[in-house]
Amino acid sequence: MKGEVMLKSAYEIAMEKSGMGEVKKLSEETKLALAGVDAEYKKKIEETDFNFSQSIQSARQEGEEERVSLLEEEWSTARSKLIKERDEKKRVLREN
Numbered sequence: 004m005k006g007e008v009m010l011k012s013a014y015e016i017a018m019e020k021s022g023m024g025e026v027k028k029l030s031e032e033t034k035l036a037l038a039g040v041d042a043e044y045k046k047k048i049e050e051t052d053f054n055f056s057q058s059i060q061s062a063r064q065e066g067e068e069e070r071v072s073l074l075e076e077e078w079s080t081a082r083s084k085l086i087k088e089r090d091e092k093k094r095v096l097r098e099n
């Protein structure tokens with residue numbers, strides 16, 4: 004529309020900077036779906052962070068350092084898995 008400023012997504016800017024060629028314009032429906040995925044996984048990651056931080060704090064208070072280390076590794080793995088799932092869902096949405 005005339006006079007309307009079109010903002011680019013971080014994805015569009017990154018694709019342009021990387022020289023990956025023409026960036027596919029995303030429909031409003033796709034943008035909403037991407038935002039939904041972000042919101043869903045933000046909530047999942049926050050819940051994971053909260054639950055693990057509570058467990059780690061409890062283990063520290065009980066002096067269980069081995070358990071703390073194990074929980075920290077599990078936390079990192081769980082967080083990475085969620086981020087990977089989120090990114091894959093977003094990739095699929097962008098390609099369709």
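Sequential numbering of the sequence shown, starting at 4, is according to this note's numbering. By construction, the Cβ of each residue, glycine as well, lies at the ideal position given by its N, Cα and C atoms.
Can you find the residues in the same chain that come closer than 7 angstroms, C-beta to C-beta, to residue i, ignoring five residues on each side of it along the sequence?
i, result
"arginine 63", "Val71"
"alanine 13", "none"
Excluding the five sequence neighbours on either side, which residues of its own chain have a C-beta within less than 6 angstroms of the C-beta of residue i, listed in chain order?
i, result
"leucine 37", "Lys93, Leu96"
Are there 16 or more other CB atoms within 10 angstroms of the CB of residue i, so buried, or fewer, so exposed?
i, result
"leucine 74", "buried"
Can you look up residue i in the DSSP assignment and give me helix, strand or coil?
i, result
"methionine 18", "helix"
Round the Cβ separation of residue i and residue j to the nearest angstrom and send it over; I've been treating them as touching at under 8 angstroms.
i, j, result
"isoleucine 48", "arginine 82", "6 angstroms"
"threonine 51", "leucine 29", "The Cβ separation is near 28 angstroms, so there is no contact."
Apart from the five residues just before and just after residue i, which ones in its own chain have a Cβ nearer than 8 angstroms to its Cβ?
i, result
"glutamate 88", "Tyr44"
inquiry  = To test your reading of the DSSP string, which unbroken beta strand (DSSP E) runs of 3 or more residues are found completely within the region 9 to 84?
reply    = DSSP runs (the beta strand (DSSP E)) wholly in the region 9 to 84: none.
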